[in-house]
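Engineer:
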Amino acid sequence: MRLYDSATREVRDFVPREPGRVGIYLCGATVQGAPHIGHVRSAIAFDILVRWLNRNGLDVTLVRNITDIDDKILNKSAEADVPWWAWAHRFEREFNRAYEMLGVAPPTYEPRATGHVTEMVELIEMLVERGHAYVGDAGSVYFDVRSWGKYGELTRQLLENLSTVEEEASDKRDPRDFALWKATKSSDPDGASWPTPWGRGRPGWHVECSAMAHKYLGETFDIHGGGIDLRFPHHENEQAQSRAAGWGFTNLWMHNAWVTVGGEKMSKSLGNSLTVDAVLEHGEAVVLRYALGAVHYRSTLEFSNTSLDESGAAWERISGFVQRAVELVGALTREEVAGTDVPAAFAAAMDDDLNVSAALAVVHEHVTAGNTALAAQDRAQVRTAQAQVRTMLDVLGIDPLAQPWVGGRAADGAAEQALGVLVQAVLAERVQARAEKDWARADALRERLTAAGIVVEDSPGGARWSVKGGTSGR
Ligand SMILES: [Zn+2]
Numbered sequence: 001m002r003l004y005d006s007a008t009r010e011v012r013d014f015v016p017r018e019p020g021r022v023g024i025y026l027c028g029a030t031v032q033g034a035p036h037i038g039h040v041r042s043a044i045a046f047d048i049l050v051r052w053l054n055r056n057g058l059d060v061t062l063v064r065n066i067t068d069i070d071d072k073i074l075n076k077s078a079e080a081d082v083p084w085w086a087w088a089h090r091f092e093r094e095f096n097r098a099y100e101m102l103g104v105a106p107p108t109y110e111p112r113a114t115g116h117v118t119e120m121v122e123l124i125e126m127l128v129e130r131g132h133a134y135v136g137d138a139g140s141v142y143f144d145v146r147s148w149g150k151y152g153e154l155t156r157q158l159l160e161n162l163s164t165v166e167e168e169a170s171d172k173r174d175p176r177d178f179a180l181w182k183a184t185k186s187s188d189p190d191g192a193s194w195p196t197p198w199g200r201g202r203p204g205w206h207v208e209c210s211a212m213a214h215k216y217l218g219e220t221f222d223i224h225g226g227g228i229d230l231r232f233p234h235h236e237n238e239q240a241q242s243r244a245a246g247w248g249f250t251n252l253w254m255h256n257a258w259v260t261v262g263g264e265k266m267s268k269s270l271g272n273s274l275t276v277d278a279v280l281e282h283g284e285a286v287v288l289r290y291a292l293g294a295v296h297y298r299s300t301l302e303f304s305n306t307s308l309d310e311s312g313a314a315w316e317r318i319s320g321f322v323q324r325a326v327e328l329v330g331a332l333t334r335e336e337v338a339g340t341d342v343p344a345a346f347a348a349a350m351d352d353d354l355n356v357s358a359a360l361a362v363v364h365e366h367v368t369a370g371n372t373a374l375a376a377q378d379r380a381q382v383r384t385a386q387a388q389v390r391t392m393l394d395v396l397g398i399d400p401l402a403q404p405w406v407g408g409r410a411a412d413g414a415a416e417q418a419l420g421v422l423v424q425a426v427l428a429e430r431v432q433a434r435a436e437k438d439w440a441r442a443d444a445l446r447e448r449l450t451a452a453g454i455v456v457e458d459s460p461g462g463a464r465w466s467v468k469g470g471t472s473g474r
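In the UniProt record's numbering, the protein residues as written are 1 to 474.
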């Protein structure tokens with residue numbers, strides 16, 4: 001497998017540090033507001049990475065943090081007149097709900113910044129001891145960028161070219177130094193500070209990721225990921241402080257590109273109309289996932305109603321095939337799907353720095369072949385095509401018969417199949433009743449299905465059914 005390393009700026013072979021195991025740290029949400037589609041694009045991109053690594057037999061530890069204290073959370077909660085932790089918790093839940101709706105598997109660990117202050121303080125003490133950090137007059141602690149010759153290595157910037165403009169009066173030795181620890185200000189709310197050897201205060205933003213990556217993944221790990229906008233200063237600073245502490249830190253950096261709307265990077269004003277909830281008012285979650293996952297993760301994704309409609313049409317074609325294949329040969333179980341090898345061309349595309357758009361082209365080719373087999377009523381070929389299409393969709397997190405797309409029902413092909421058999425039996429009885437012109441009985445059978453949440457539509461080819469609010473129809 002080859003991945004683009006944004007530190008070396010080249011696509012290179014990915015070799016896990018330990019055979020069979022991969023450790024990934026992904027910068028998660030700052031829970032200061034509702035999740036928008038830019039946030040979930042990142043989560044989906046890395047979800048696809050993890051699924052592909054898992055499919056290749058690798059045991060992945062994914063750590064995705066939650067930044068639950070920072071300036072924005074303190075400011076916004078103060079404006080709303082609620083405690084900062086209540087504000088953070090509310091949006092943490094919104095993020096988790098969005099991830100769940102979009103089929104993003106939970107990470108192995110999801111540490112919160114506020115739960116790791118001890119680890120941060122230990123790291124900062126180590127940096128002070130090693131001469132890479134110092135305590136300012138007011139009790140804040142800063143990373144001394146001039147003490148670390150490799151500062152700027154991730155983003156290939158020379159220290160002398162970095163801006164030296166001061167945002168506010170500061171006790172920094174150099175304006176380019178960044179805060180590891182912020183001394184409590186009189187404007188900070190109660191409970192937003194912790195005791196340290198330098199007095200009470202709260203963490204700077206960058207230090208939490210270094211401390212948490214170290215705690216859960218060790219001194220050196222395989223992949224660090226996040227949105228491209230985090231590369232500087234956040235990731236540059238993470239890397240500087242971790243390596244200055246003597247840790248190897250990450251072996252490879254992966255950054256997903258932006259989502260743009262009308263050619264502009266999603267901003268706060270645009271973002272408000274493109275929260276996950278707002279977009280899902282007009283479209284299905286699986287279609288949004290398709291739209292956000294289909295574009296190569298390093299390419300800017302221009303989001304519009306047109307792109308969502310195109311994804312909807314592509315999804316209809318794929319899920320329509322799966323539906324008709326299940327009608328003819330029944331649903332394969334999850335185990336059968338997971339046990340089917342993906343086509344070589346799909347694997348090659350995924351191994352090529354997760355080229356999902358090329359991988360989807362392979363899915364569509366197999367859907368075409370499957371549709372031909374359906375037209376010929378070739379059951380063996382339809383079964384093979386169902387297995388291949390669904391095993392590829394499973395890697396991309398969009399198998400229509402897997403959670404969460406099957407609604408609240410069991411994610412199990414066997415349960416699907418059992419339901420299908422029972423509904424078909426009632427429908428067959430209804431056909432019989434109609435043939436006998438026993439309309440009362442035919443209506444009663446239909447009502448029985450309706451009462452159970454099954455929607456029946458009569459069509460020239462016979463009755464089709466679906467679960468109300470679900471996705472799978474026959
Ligand atoms: Zn981070």
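Just so it is clear, CB atoms sit at the ideal spot from N, CA and C, and this is done for glycine as well.
Under the DSSP definition of a beta bridge, which residues are partnered with R202?
Structural biologist: Counting from one through the sequence shown, the residue named residue 202 turns up at place 202. Answer is K182.
Engineer: Can you grab the Cα-Cα spacing for the pair P175 / K72, in whole Å?
Structural biologist: Translated into the one-based positions of the sequence shown, residue 175 becomes position 175. Translated into the one-based positions of the sequence shown, residue 72 becomes position 72. Rounded to the nearest angstrom, the two C-alpha atoms are 22 angstroms apart.
Engineer: Is it the case that the Cβ atoms of E208 and T67 are separated by a distance below 8 angstroms?
Structural biologist: Residue numbering aside, residue 208 sits at position 208 when the sequence shown is read from its first letter. Residue numbering aside, residue 67 sits at position 67 when the sequence shown is read from its first letter. With a cutoff of 8 angstroms on beta-carbon distance, E208 and T67 are scored as near each other.
Engineer: From E18 to Y216, what does the alpha carbon distance come to, in whole angstroms?
Structural biologist: Taking the sequence shown and counting its residues from 1, the one referred to as residue 18 is at position 18. Taking the sequence shown and counting its residues from 1, the one referred to as residue 216 is at position 216. If you take the alpha carbons of E18 and Y216, they lie about 15 angstroms apart.
Engineer: List the residues that DSSP assigns as beta-bridge partners of M254.
Structural biologist: If you number the sequence shown from 1, residue 254 lands on position 254. Per DSSP, G225.
Engineer: Going by alpha carbons, who is nearest to L230 out of L449, A440 and L26?
Structural biologist: Taking the sequence shown and counting its residues from 1, one reaches residue 230 at position 230. Comparing Cα-Cα distances from L230 to each of L449, A440 and L26, the minimum goes to L26.
Engineer: Return the CA-CA distance between E238 and T450, expressed in angstroms with no decimal places.
Structural biologist: Taking the first residue of the sequence shown as 1, we reach residue 238 at position 238. Taking the first residue of the sequence shown as 1, we reach residue 450 at position 450. Cα to Cα, the separation comes out at about 56 angstroms.
Engineer: Rounded to the nearest angstrom, what separates D309 and L360 at their Cα positions?
Structural biologist: The residue labelled residue 309 in the question sits at position 309 within the sequence shown. The residue labelled residue 360 in the question sits at position 360 within the sequence shown. Computed Cα separation, rounded: 17 angstroms.
Engineer: Taking Cβ to Cβ, would you say A244 is nearer than 8 angstroms to L127?
Structural biologist: Locating residue 244 in the sequence shown gives position 244, where the first residue counts as 1. Locating residue 127 in the sequence shown gives position 127, where the first residue counts as 1. In contact: A244 and L127 (Cβ atoms closer than 8 angstroms).
Engineer: Is it right to say V406 is buried, meaning 16 or more other beta carbons lie within 10 angstroms of its own, or is it exposed?
Structural biologist: Counting from one through the sequence shown, the residue named residue 406 turns up at place 406. Buried, because 16 or more other Cβ atoms sit within 10 Å of the Cβ of V406.
Engineer: Closer than 7 angstroms to a non-hydrogen atom of ligand 1 - does that hold for the CB of H214?
Structural biologist: Along the sequence shown, read from residue 1 onward, the residue named residue 214 stands at position 214. No, the beta carbon of H214 sits no closer than 7 angstroms to any heavy atom of ligand 1.
Engineer: Which of the three DSSP states is assigned to S170 in this structure?
Structural biologist: Indexing the sequence shown from 1 puts residue 170 at position 170. Note: S170 maps to coil in three-state DSSP.
Engineer: Take L53 as the anchor and find which of A463, A179, G397 and F249 has the nearest alpha-carbon.
Structural biologist: Residue mapping note: residue 53 aligns to position 53 of the sequence shown, counting from 1. That would be G397, whose Cα lies nearest to the Cα of L53.
Engineer: Going by the CB atoms, is the gap between R430 and L445 shorter than 8 angstroms?
Structural biologist: What you label residue 445 is simply residue 445 of the sequence shown in a count that begins at 1. What you label residue 430 is simply residue 430 of the sequence shown in a count that begins at 1. Contact flag set, yes.
Engineer: Can you list the beta strand (DSSP E) stretches of 3 or more residues lying completely in the region 432-463, in chain order?
Structural biologist: 454-459
Engineer: Mapping DSSP to helix, strand and coil, what is A347?
Structural biologist: Walking along the sequence shown from the start, residue 347 turns up at place 347. In the structure shown, A347 adopts helical secondary structure according to DSSP, grouped into three states.
Engineer: Taking its Cβ as the centre, do 16 or more other Cβ atoms sit within 10 Å of S304, making it buried, or is it exposed?
Structural biologist: The residue labelled residue 304 in the question sits at position 304 within the sequence shown. The residue in question, S304, is exposed, as its Cβ has fewer than 16 Cβ neighbours within 10 Å.
Engineer: Does the region 312-321 touch the region 280-293, meaning 3 or more C-beta pairs lie closer than 8 angstroms?
Structural biologist: yes
Engineer: According to DSSP, is E302 helix, strand or coil?
Structural biologist: The residue you call residue 302 lines up with position 302 of the sequence shown. The answer is strand: DSSP assigns E302 an E or B state.
Engineer: Are S140 and W181 closer than 8 angstroms when you measure CB to CB?
Structural biologist: Translated into positions along the sequence shown, residue 140 becomes position 140. Translated into positions along the sequence shown, residue 181 becomes position 181. Closer than 8 angstroms, so yes.
Engineer: In the DSSP assignment, what are the bridge partners of Y134?
Structural biologist: Taking the sequence shown and counting its residues from 1, the one referred to as residue 134 is at position 134. Looking at the DSSP output, Y134 bridges to Y142.
Engineer: Any heavy atom of ligand 3 closer than 7 angstroms to the beta-carbon of H234?
Structural biologist: What this structure holds is ligand 1, not ligand 3.
Engineer: Can you list, in chain order, the residues of its chain with a C-beta nearer than 7 angstroms to that of K437? Leave out the 5 residues immediately preceding and following it.
Structural biologist: Walking along the sequence shown from the start, residue 437 turns up at place 437. Nothing meets the Cβ criterion.
Engineer: In chain order, what residues have a CB nearer than 5 angstroms to some heavy atom of ligand 1?
Structural biologist: C27 and C209
Engineer: Hey, how far is the Cα of G204 from the Cα of V421?
Structural biologist: By 1-based counting over the sequence shown, the position of residue 204 is 204. By 1-based counting over the sequence shown, the position of residue 421 is 421. C-alpha separation (whole angstroms): 59 angstroms.
Engineer: Using only CA atoms, which one of E10, Y99 and V389 lies nearest to A34?
Structural biologist: Numbered from its first residue, the sequence shown carries residue 34 at position 34. Selected option, being the one with the closest Cα: Y99.
Engineer: Using the C-alpha atoms, what's the distance from A179 back to D171?
Structural biologist: In the sequence shown, the residue the question calls residue 171 occupies position 171. In the sequence shown, the residue the question calls residue 179 occupies position 179. If you take the alpha carbons of D171 and A179, they lie about 10 angstroms apart.
Engineer: Candidates V395, Q424, A325 and T368: which alpha carbon is nearest R379's?
Structural biologist: As a first step, residue 379 must be located in the sequence shown, where it is residue number 379. Selected option, being the one with the closest Cα: A325.
Engineer: Taking the alpha carbon of G320 as the point to measure from, which residue in R298, L401 and V40 has its own alpha carbon closest?
Structural biologist: Here residue 320 refers to the residue found at position 320 when the sequence shown is read from its first residue. The shortest Cα separation from G320 among R298, L401 and V40 belongs to L401.
Engineer: By DSSP, does W84 sit in helix, in strand, or in coil?
Structural biologist: Taking the sequence shown and counting its residues from 1, one reaches residue 84 at position 84. In the structure shown, W84 sits in a helix (DSSP, three-state: H, G or I).
Engineer: Please report the residue range of the alpha helix (DSSP H) in which L49 lies.
Structural biologist: Taking the first residue of the sequence shown as position 1, residue 49 is located at position 49. Counting along the chain, the alpha helix (DSSP H) containing L49 begins and ends at I37 to R55.
Engineer: For S77, which three-state DSSP category applies?
Structural biologist: Position 77 of the sequence shown, counting from 1, holds the residue named residue 77. Three-state DSSP puts S77 in a helix.
Engineer: In the DSSP output, what is W465 paired with across the bridge?
Structural biologist: Walking along the sequence shown from the start, residue 465 turns up at place 465. Per DSSP, V456.
Engineer: Let me check one thing: in DSSP terms, what residues is L3 bridge-paired to?
Structural biologist: Your numbering for residue 3 matches position 3 in the sequence shown. Paired residue(s): R12.
Engineer: Whose C-alpha, out of N96, V50, R156 and V63, is nearest the C-alpha of Y109?
Structural biologist: Position 109 of the sequence shown, counted from the start, is the residue given in the question as residue 109. Residue V63 is the option with its Cα nearest to Y109.
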